[in-house]
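J.: Sharing a structure, written as structure tokens. Questions coming.
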Amino acid sequence: ELAHAPIEKQLLPNGPWKVIPNAGVTAPEGFQVSAYKAGLRKSGTRADCALIVADESCSCAGVFTLNAVCAAPVQFCKKQLEVKSTSRAILINAGQANAATGVLGDEDAMTCAKAVSDVTGLDSSDVLLMSTGVIGRRIKMDKFVPAIQALGEHLERSDAASMAAATSICTTDVVRKTLAIEVDINGTKVKFGGMSKGSGMIHPNMG
Amino acid sequence: TMLAVVTSDANVSPDVWTKMVKRVGTKSFNQISVDGDTSTNDSLVCFASGRSGMKQITDENSPEAKQVEEALNAINLGLAKAIAWDGEGATCLFETNVKGAKDDEDARTIARSVICSSLLKAAIFGHDPNWGRIACAAGYAKTKSALDQNRLNIAMGGITLMKDGQPVDFDEKKASTYLKETTSKHGTVVVDIEVGNGSGYGQAWGCDLSYDYVKINAEYTT
């Protein structure tokens with residue numbers, strides 16, 4: 003397990019929002035998450051993949067690296083979101099970045115989306131992907147595809163699962179990064195949850 | 029690589045949500061840097077389920093849209109700053125605030141230039157309040173409008189180091205102690221820069237550069 007980043011105490015800007023303690027991506031209504039140890043990491047001591055699934059179709063938008071050498075999951079997401087601005091699920095793995103992996107990397111990405119579709123019943127056009135880890139290596143699909151099945155079978159709406167997911171996507175991170183806030187808009191409580199990872203190779207230029 | 033996923037139960041139409049996410053991404057994750065290397069995988073994806081019960085937002089200029097975007101920006105800033113805070117080998121978060129630029133884009137460009145300077149990042153690790161390196165990094169920022177060095181004001185931790193382009197006779201020991209105390213508790217080193225009297229304001233976040241950065245990356249298979 004990783005320690006928690008001091009977001010609430012040090013990093014979150016002041017505003018009319020209230021922090022929801024120990025919560026993450028399932029704090030808002032309508033989301034479930036799971037994390038699993040597929041064995042993708044070089045040192046296989048931690049979970050290394052996560053799946054977030056929405057109960058219903060969501061408005062969905064993304065920004066992605068403008069690096070011309072971009073990973074297969076990045077290309078996959080860009081194509082999906084060019085066709086429609088809605089989505090239901092996102093699958094994330096650590097260990098291998100599936101970048102600079104050529105046509106086989108693209109095929110792996112599509113296989114991952116189909117595996118999510120198979121276990122959740124979603125259309126694969128409603129599935130997005132993210133990968134992080136070593137560049138130039140294909141994802142260990144023999145381990146990952148069965149893990150996607152497990153991820154789909156263990157989805158839940160809980161803070162514990164949110165924390166586990168935030169930890170599972172980390173690579174060289176010393177702390178896990180997750181947060182949830184609530185804001186009152188015309189008497190309605192609106193919630194936001196999030197998780198991020200990153201420690202090195204950090205100079206985002208996304209569009 | 030940075031990855032980020034944000035969920036919300038706000039009810040926002042897909043086209044308005046897309047515009048919000050683009051603006052927020054520009055002000056948050058695109059304003060951090062640890063080592064100047066842009067990854068192949070950087071991604072930010074945001075979902076809005078609409079399950080909060082609020083009326084759907086279809087006008088991006090409505091008060092409700094502003095409130096949602098403000099909260100979306102806040103959570104993205106928190107997550108983005110956490111990455112810079114956790115930069116490999118870092119002992120502090122390094123925040124630069126720029127005001128007085130011609131527009132926000134120029135201000136953000138200057139702020140990012142400053143937090144990206146390897147020389148300045150190393151100076152912070154060494155507790156050296158090296159205002160010359162701050163001025164230098166501001167000066168080579170690729171802004172649309174030229175920077176007038178005679179209007180440059182620089183402060184670190186509230187201590188004025190440069191005023192109207194002239195170095196100030198400041199308490200160097202006090203400034204060094206500020207850096208030492210901040211890095212010892214993995215706090216936030218704050219640099220404030222004024223470049224004129226324009227309305228442009230921008231922020232950027234990085235971290236110091238320590239020996240451990242080299243150690244971590246020399247041992248990480250690429």
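Sequence lines, in order, name chains U and H. Numbering (the working numbering) for the first sequence: 3 to 209. Numbering (the working numbering) for the second sequence: 29 to 250. By construction, the Cβ of each residue, glycine as well, lies at the ideal position given by its N, Cα and C atoms.
Can you say whether Ser56/H is buried or exposed, counting buried as having 16 or more other CB atoms within 10 angstroms of its CB?
T.: When all chains shown are included, Ser56/H counts as buried.
J.: Rounded to the nearest angstrom, what separates Asp131/H and Glu222/H at their Cα positions?
T.: Looking at the two C-alpha atoms, the distance is approximately 13 Å.
J.: Are the C-beta atoms of Pro30/U and some chain H residue less than 8 Å apart?
T.: Yes - at least one Cβ of chain H is within 8 Å of the one on Pro30/U.
J.: Pull out every residue of the region 36-69 of chain U whose Cβ sits closer than 8 Å to any Cβ of chain H, in chain order.
T.: Correct list: Lys44, Ile54, Ala56, Asp57, Glu58, Cys60, Ser61, Cys62, Ala63, Gly64, Val65, Phe66, Thr67, Leu68, Asn69.
J.: Consult DSSP for Thr124/H and reduce its assignment to one of helix, strand or coil.
T.: DSSP places Thr124/H in strand when its eight states are reduced to three.
J.: List the residues of chain H that Phe78/U touches, going by C-beta distances under 8 Å, in chain order.
T.: The premise fails here: Phe78/U is roughly 10 Å from chain H at the closest Cβ pair, so nothing lies under 8 Å.
J.: Can the beta-carbon of Cys235/H be found less than 8 Å from the beta-carbon of Ala151/H?
T.: No. Outside cutoff.
J.: Residues of chain U with CB under 7 Å from Val142/H, in chain order?
T.: Simply none; closest approach about 14 Å.
J.: List, in chain order, every chain H residue whose beta-carbon is nearer than 8 Å to that of Met197/U.
T.: What Met197/U touches in chain H: Ala32, Val33, Leu107.
J.: Along chain H, which residues have their Cβ under 7 Å away from the Cβ of Asp175/U?
T.: Correct list: Asp114.
J.: What are the boundary residues of the alpha helix (DSSP H) that Arg161/H is part of?
T.: From DSSP, the alpha helix (DSSP H) with Arg161/H extends over 159-167.
J.: For a cutoff of 8 Å on Cβ pairs, would you count Pro23/U as touching chain H?
T.: No, Pro23/U lies away from the interface with chain H (no Cβ there is under 8 Å from its Cβ).
J.: Indicate whether at least one CB of chain H lies closer than 8 Å to the CB of Ile150/U.
T.: By this cut-off, Ile150/U is not an interface position.
J.: Using a Cβ distance threshold of 8 Å, determine whether the region 190-209 of chain U contacts the region 36-50 of chain U, with at least three qualifying pairs required.
T.: Not touching, per the Cβ criterion.
J.: To which residues of the same chain is Gly53/H closer than 8 Å at the C-beta, ignoring the five residues directly before and after it?
T.: Excluding positions up to five away in sequence, the list reads Leu72, Asn104.
J.: Could you pull out every residue in the same chain whose Cβ sits closer than 8 Å to the Cβ of Gln59/H, ignoring the five residues on either side in sequence?
T.: Correct list, in chain order: Ala108, Arg136, Ala139, Arg140, Gly230, Gln231, Ala232, Trp233.
J.: If you measure between the beta carbons of Val185/U and Ala99/H, is that distance less than 8 Å?
T.: Their beta carbons are under 8 Å apart, which means Val185/U touches Ala99/H by this criterion.
J.: Run through DSSP, which three-state label would Pro206/U get?
T.: Coil.
J.: Taking Cys79/U as the reference, which of Arg90/U, Gly64/U, Gly200/U has the closest Cα?
T.: For the residues Arg90/U, Gly64/U, Gly200/U, the minimum Cα distance to Cys79/U belongs to Gly64/U.
J.: Return the residue from the list Asp50/U, Leu13/U, Ala182/U that minimises the CA-CA distance to Leu4/U.
T.: Comparing Cα-Cα distances from Leu4/U to each of Asp50/U, Leu13/U, Ala182/U, the minimum goes to Asp50/U.
J.: Distance check for Ile9/U and Pro206/U, CA to CA, integer angstroms please.
T.: Looking at the two C-alpha atoms, the distance is approximately 20 Å.
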